[in-house]
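Asks:
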Amino acid sequence: MIDQNLRIARVTQPYLFQNSFILTDLPVKELLILQENAKPESRKRGDVLFRQGGYPKGAFWLLSGKAKIFQETPDGQRQTHYIYSNGDLIAYRQLIADEVHPVSATLLEDATVGFISTEIFRGLLNTSPFFARNILTALAREFTVWMNRMTVFTQFPVRSRLVLALLILHEQYRLSGSPAGVITMTRSELAEYVGASLETVVRVFNDLKNNKLVQVHGRRILLPNPNGLLDILQKEEG
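Under this note's numbering, residues 392 to 629 are what the sequence shown spells out, in order.
1) What does the Cβ neighbour count give for Met576, buried or exposed, with the cut at 16 atoms within 10 Å?
2) What three-state label does DSSP hand Tyr446 in the structure shown?
3) Using CA atoms only, rank isn't needed, just tell me which of Pro548, Leu417 and Gln470 is closest to Lys626.
4) Using DSSP with H/G/I as helix, E/B as strand and the rest coil, what is Leu553?
5) Enumerate in chain order the residues of its own chain whose CB-to-CB distance from Gly586 is below 6 Å, with the five nearest sequence positions on each side excluded.
6) Spatial neighbours of Gln563 within its chain, please: C-beta separation below 7 Å, excluding the five flanking residues on both sides.
7) What residue range does the beta strand (DSSP E) around Lys459 cover?
8) Since Val491 contacts Gly445 with CB under 8 Å, what's their CB separation in whole angstroms?
9) Please confirm if the segment 418-434 is in contact with the segment 498-514, defined as three or more CB-CB distances below 8 Å between the two stretches.
10) So Ser579 is in the alpha helix (DSSP H); what residue range does that whole segment cover?
11) Please name the residue in Gln606, Arg578 and Arg550 whose C-alpha comes closest to that of Ile339.
12) How big is the Cα-Cα spacing for Leu558 and Thr403?
13) Since Phe506 is in the alpha helix (DSSP H), which residue starts that stretch and which ends it?
14) Is the Cβ-Cβ distance between Leu440 and Phe522 less than 8 Å?
15) Consult DSSP for Arg436 and reduce its assignment to one of helix, strand or coil.
16) Could you check if Arg565 is buried or exposed, using at least 16 other CB atoms within 10 Å of its CB as the buried criterion?
17) Please identify the residue among Gly478, Arg401 and Gln468 whose C-alpha is closest to the C-alpha of Phe412.
18) For the segment 606-618 against the segment 482-497, are there 3 or more C-beta pairs whose distance is under 8 Å?
19) Using beta-carbon positions only, say whether Ala450 and Leu480 come within less than 8 Å of one another.
20) Since Ala482 and Pro447 are thought to touch, with beta carbons under 8 Å apart, how far apart are those beta carbons, to the nearest angstrom?
21) What number of angstroms, rounded off, separates the C-alpha of Asn525 from the C-alpha of Arg436?
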């Protein structure tokens, strides 16, 4: 099992980041400011944190749960760009750039969210070298991940993208508290994440299911044989 987890980590690491250190790797003074101003609020699956084209009023600290960011075309097609997990900070780039949101964000599951106002965020950015350093580090790491994901999810065939997406999500859910790496997503959400039509994703997904590489229980997706998926990915990559 250790070898399998290490193998999955090596494959998925280029496509994952976690920026929770932005808000935790700080001196006590800055931590207290965040704790006093980012009060936890319970939110439900499907709740909208912000909408594409809207002007940012602050950043969101995802204390528990998962959220997705996605873009929507004028004809209603959606492309999910990333899924955030426990501890991540969402929407801070727009506060720095003073730009409208290029994406929307919704919760994939019930979550606890802290809201950090623009005033508090910019105040820390202007006065805390520790906070500013963390922001710069996060921006650099995230840029690398965006480039890696853009290459794969625009050039690889759907089968490879789906297999890689399942492994990425398996690792992400495992690291955020689900030991078995149980993925909780609908098929539509998975298609938006892979960047393919629902019909194509369902067809490839059913093929994987028939080969006992995935199991489905409602919205719960399990990977009983991650090594089998890794082997497929390795073969298709050449």
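Heads up, the beta-carbon is just placed ideally off N, CA and C, and yes, glycines get one too.
Replies: Put simply:
1) buried
2) coil
3) Closest option to Lys626, Cα to Cα, is Pro548.
4) Helix, per DSSP.
5) Counting only residues of its own chain and dropping the five nearest sequence neighbours on each side, Gly586 has a CB closer than 6 Å to the CB of Gln470 and Phe544.
6) Leu407, Ile474 and Ser476
7) Ala458 to Glu463
8) 6 Å
9) Counting Cβ pairs under 8 Å, three or more are found: they touch.
10) Arg578 to Val585
11) With the chain covering only 392 through 629, there is no way to say anything about residue 339.
12) 7 Å
13) Segment Ala502 to Ser508 is the beta strand (DSSP E) holding Phe506; no alpha helix (DSSP H) there.
14) no
15) coil
16) buried
17) Taking only the C-alpha atoms, the option nearest Phe412 is Gly478.
18) no
19) yes
20) 6 Å
21) 29 Å
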